[in-house]
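What follows is one structure encoded as C-alpha cells, with my remarks underneath.
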Amino acid sequence: MQGVCRHGVNVMNYYKSFLIKYAEIGIKGKNRHLFEEALVRQIKYALRKVAGSFSVSRTSGRIYVEAQTDFDFTDTVDALKAVFGIAGICPMVSMADEGFEKLSEAVVKFVSDVYFSQGGTVASGNSLTFKIAARRSRKNYPLDSMELNAKLGGIILDAFPSMKVDVHKPNIMIHVEIREKINLYSEIIPGPGGMPVGTNGKAMLLLSGGIDSPVAGYMIAKRGVKIDAVYFHAPPYTSDRAKQKVIDLAKTVSRFTGPVHLHIINFTDIQLYIYDQCPHEELTIIMRRYMMRIAEHIANETDCLGLITGESIGQVASQTLKSLAATNEVCTLPVYRPLIGFDKMEIVKLAEQIGTYETSIQPFEDCCTIFVAKHPVTKPNVKRINRSEEHLAERIDELVKRALENKEVVIVKL
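Written as C-alpha cells, this is what we have:
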C-alpha cells in the first residue's frame with residue numbers, strides 16, 4: 002500500500018474520504034455557493050492526475066472528497082494542499098447513523114486504529130490527552146453536542162485507561178460531526194487558504210526568470226485571480242535555456258493557478274533600438290516602460306483586469322518610488338505589486354515554499370540583466386524620460402507591432 006499516516010496506520014486501507022474546510026468563503030453570504038462551486042471545480046482539477054478515482058461533493062456548507070478506488074494518500078493530500086480556498090484537509094471516517102451504540106464502537110475503533118496501532122503515539126510510549134468536539138448539525142439526533150461530548154469521552158476513558166481528558170491543550174481533538182452521515186476525524190492538515198482561482202477575474206503577470214515574479218503571481222492567484230503571463234525574450238543575448246527556465250517557472254506556478262497562457266515576446270529589436278537612441282542611465286526605466294505597454298496591450302486583448310509585477314521598493318534601481326511612478330505613468334490598467342513591502346529574504350522564503358526558488362537561481366540571464374547601465378538613474382524625472390522616448394518615434398511603434406504580431410503563446414500546465 003502506498004500511504005501511511007504519521008500514526009502508523011495504513012491510510013489507504015483506513016481513510017477513504019476527506020472533509021475540506023474553507024475559511025473566507027464562509028462569509029460570502031448569498032454568493033457563497035458560487036465560491037463553493039468554484040472550489041469544487043479546482044479540487045477536481047487538482048486531483049485529475051492523482052492515481053485513483055474521486056467524487057467531490059458539496060452539501061450544507063461542507064465539501065467532501067471521497068475515494069472511489071484505491072488511491073495514494075500522500076499524493077492526494079499534496080494535490081489538495083495546492084488548491085487555493087482550502088483552509089484545512091481532514092482525513093475522516095464516514096459512517097451511517099445506526100444508533101449511539103454503533104457510534105461508540107466506531108469512535109473506540111477510530112482511536113485504537115489511529116493512536117494505539119503499531120507505530121501509533123501511545124505505542125511509542127507517550128501519554129495521550131484528548132478532547133471530544135462533537136457537533137450536532139442534525140437536530141433530530143437524540144443527544145445534543147454537550148451530551149455527546151460527555152458520553153463519548155467517558156467511553157474512551159473506559160476503553161483506554163492510559164488516556165486523560167484535557168479540555169484546554171489536548172494532544173488530540175476527536176471531532177464527531179452528526180450530519181446525514183456521521184464523520185469522525187482528528188487531524189486537520191493546513192491548506193493554502195485564500196480564494197478559489199477564477200473567482201476574482203484575471204490578470205497578466207510580467208514573468209521573468211528571477212525569484213520575485215513567480216512569487217508575485219502565486220500571491221495574487223491566492224486571492225482568486227486567474228493568471229496569464231508575459232515573458233520578454235532577447236535572443237541571441239538570452240538563450241533558449243533562459244526561455245525554458247521561465248516556462249519551467251510557469252509550470253511550477255500552474256500547480257496552484259491552473260493552466261497559464263504564457264505570451265513570449267521577442268524583445269531584442271526593441272531593446273537594441275532603445276539602447277541606440279536613449280541615454281544609457283535611463284535604459285532600464287525606458288525598457289521597463291515598453292514592457293509594461295506591451296503587457297498591457299496583451300492584457301486588454303485577453304480580458305485581464307490588471308498587471309502583476311514582482312517589484313519591491315528599493316530592491317534595485319528600477320524599483321525606487323520615483324522609478325515605479327515613472328513605470329506606472331504609461332499604464333491605464335492597475336498594476337498589482339504584492340511584494341512591494343517585502344525584503345529579499347522574505348521573498349526567498351516564499352519561493353522555497355512554493356517550489357520556484359531552485360529554478361529561479363539557475364544561471365541563465367533574462368533580458369532585464371543584459372543591457373544594465375553602470376550607473377542607472379534611481380530618481381527618474383518623468384518629463385525627461387518622455388523627452389528621451391521622443392527619440393524613438395521613428396521606429397518604435399513598428400517594432401512593438403512586429404513583436405506583438407510574432408509573439409509565441411505557450412499553454413503551460415502540470
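The opening position of the sequence shown corresponds to residue 2 in our numbering, with each subsequent residue numbered one higher.
Yeah, the Cβ is synthetic: ideal placement off N, Cα and C, and Gly gets one too.
Everything numeric in this text was worked out from a predicted model, so none of it was measured.
Tell me the rounded alpha-carbon separation between Thr130 and Asn150. Between Thr130 and Asn150, the C-alpha separation is close to 15 Å.
Counting only the same chain and skipping the five closest in sequence on each side, list residues whose C-beta sits under 7 Å from that of Ser125. Here Ser125 scores only 45 on pLDDT, less than 50, and its place in the model is too uncertain to base an answer on.
As assigned by DSSP and simplified to three states, the class of Tyr142: Coil at Tyr142, not helix or strand.
Nearest to Ala39 (by Cα), restricted to the options Gly53, Val51, Tyr23 and Ala52: The shortest Cα separation from Ala39 among Gly53, Val51, Tyr23 and Ala52 belongs to Tyr23.
Let me know if His34 comes out buried or exposed under the rule of 16 or more other beta-carbons within 10 Å of its beta-carbon. That one is exposed.
So, using beta-carbon positions, are Ser146 and Ala160 closer together than 7 Å? The criterion of a C-beta distance shorter than 7 Å is not satisfied by Ser146 and Ala160.
Validate contact between the region 312-325 and the region 179-196 using beta carbons, cut 8 Å, 3 pairs: Contact fails: fewer than three Cβ-Cβ distances are below 8 Å.
Nearest neighbour of Thr357, chosen from Glu283, Phe19, Asp249 and Pro191 [CA to CA]: Selected option, being the one with the closest Cα: Asp249.
Where His8 falls: helix, strand or coil (DSSP): Unreliable positioning characterises His8 in this predicted model, as indicated by a pLDDT of 47, which lies under 50. The coordinate reading is nonetheless provided below. Under the three-state reduction of DSSP output, His8 falls in the coil class, being neither helix nor strand.
Rounding to the nearest angstrom, what Cα-Cα distance links Val411 and His264 in this structure? Distance between the alpha carbons of Val411 and His264: 7 Å.
Can you pull the DSSP bridge partners for Phe74? Per DSSP, Phe74 has no beta-bridge partner at all.
Classify Glu181 as helix, strand or coil using the three-state DSSP reduction. In the structure shown, the three-state DSSP call for Glu181 is coil.
Beta-carbon proximity check, Ser255 vs Val41, cutoff 7 Å: No.
Could you give the DSSP three-state label for Arg242: helix, strand or coil? Correct three-state label for Arg242: helix.
With a 10 Å radius around its C-beta and 16 neighbouring C-beta atoms as the bar for buried, classify Gly155 as buried or exposed. Gly155 should be labelled exposed.
Keeping to the same chain, check which residues put their C-beta closer than 8 Å to that of Val177; ignore five residues upstream and five downstream. Leu104, Val108, Ile133, Ala134, Ala135, Arg136, Leu149, Leu153, Ile183, Asn184 and Leu185.
3 or more residues per run - each beta strand (DSSP E) lying fully within the region 142-223: Given a length threshold of 3 residues, each whole run of the beta strand (DSSP E) inside the region 142-223 is given here in chain order: 173-179, 183-186 and 203-207.
Note down the Cα distance separating Phe343 from Glu99, rounded to an integer number of angstroms. Distance between the alpha carbons of Phe343 and Glu99: 54 Å.
Assuming Ser209 and Ser163 make a contact with CB atoms under 8 Å, what is their CB distance in whole Å? Their Cβ separation, rounded to whole angstroms, is 57 Å, which puts Ser209 and Ser163 out of contact at 8 Å.
I'd like the span of the alpha helix (DSSP H) that includes Asp98, first residue to last. For Asp98, no alpha helix (DSSP H) segment is defined, and its DSSP state is neither H nor E.
Rounding to the nearest angstrom, what Cα-Cα distance links His298 and Ile309 in this structure? His298 and Ile309 have their alpha carbons spaced roughly 14 Å apart.
When DSSP builds the beta bridges, which residues end up paired with Phe19? Answer is Val66 and Pro92, bridged to Phe19.
Quick one: does Asp398 have its CB under 7 Å from some CB of chain B? As a matter of chain content, chain B is missing from the structure shown, which is built from one protein chain.
Say whether the region 237-251 touches the region 326-346, bearing in mind that this needs 3 or more beta-carbon pairs closer than 8 Å, one atom from each stretch. The region 237-251 makes no contact with the region 326-346; the number of CB pairs closer than 8 Å stays below 3.
Looking at C-beta atoms only, is the number of pairs between the region 54-72 and the region 188-201 that lie closer than 8 Å three or more? Contact annotation: the region 54-72 does not touch the region 188-201, with fewer than three C-beta pairs closer than 8 Å.
Consult DSSP for Thr407 and reduce its assignment to one of helix, strand or coil. Going by the sequence as given, residue 407 is Asn instead of Thr. Here Asn407 sits in coil by DSSP.
Alpha carbon to alpha carbon, how far is Gly53 from Ala230? Give it in angstroms, no decimals. C-alpha separation (whole angstroms): 32 Å.
Okay, do the region 376-388 and the region 220-237 touch, 3+ Cβ pairs below 8 Å being the bar? These segments do not touch.
Return the chain-ordered list of same chain residues with a C-beta closer than 8 Å to the C-beta of Val166, the five sequence neighbours on each side being excluded. Here Val166 has Thr130, Phe131, Lys132, Gly154 and Leu158 as same chain residues with Cβ atoms under 8 Å from its own Cβ, once five neighbours each way along the sequence are excluded.
Should Ile26 go down as buried or exposed, given a rule of 16 or more other Cβ atoms within 10 Å for buried? The residue is buried, with at least 16 neighbouring Cβ atoms inside 10 Å.
Inter-stretch contact (C-beta, 8 Å, three-pair minimum) for the region 283-291 and the region 213-222: Per the Cβ contact rule, the region 283-291 is not in contact with the region 213-222 (fewer than 3 Cβ pairs under 8 Å).
Report the partner residues of Arg137 according to the DSSP bridge assignment. Beta-bridge pairing links Arg137 to Ile179.
Report the CB separation of Asp213 from Ile348 in whole angstroms; it is logged as a contact under 8 Å. By a beta-carbon distance limit of 8 Å, Asp213 contacts Ile348. Their separation comes to about 6 Å.
For His298, list the residues DSSP reports as bridge partners. In the DSSP secondary-structure assignment, His298 is not bridged to any residue.
Alpha carbon to alpha carbon, how far is Pro215 from Leu322? Give it in angstroms, no decimals. Cα to Cα, Leu322 sits roughly 22 Å from Pro215.
My output table needs one value for Arg59: the three-state DSSP class, helix, strand or coil. Reduced to three states, the DSSP call for Arg59 is strand.
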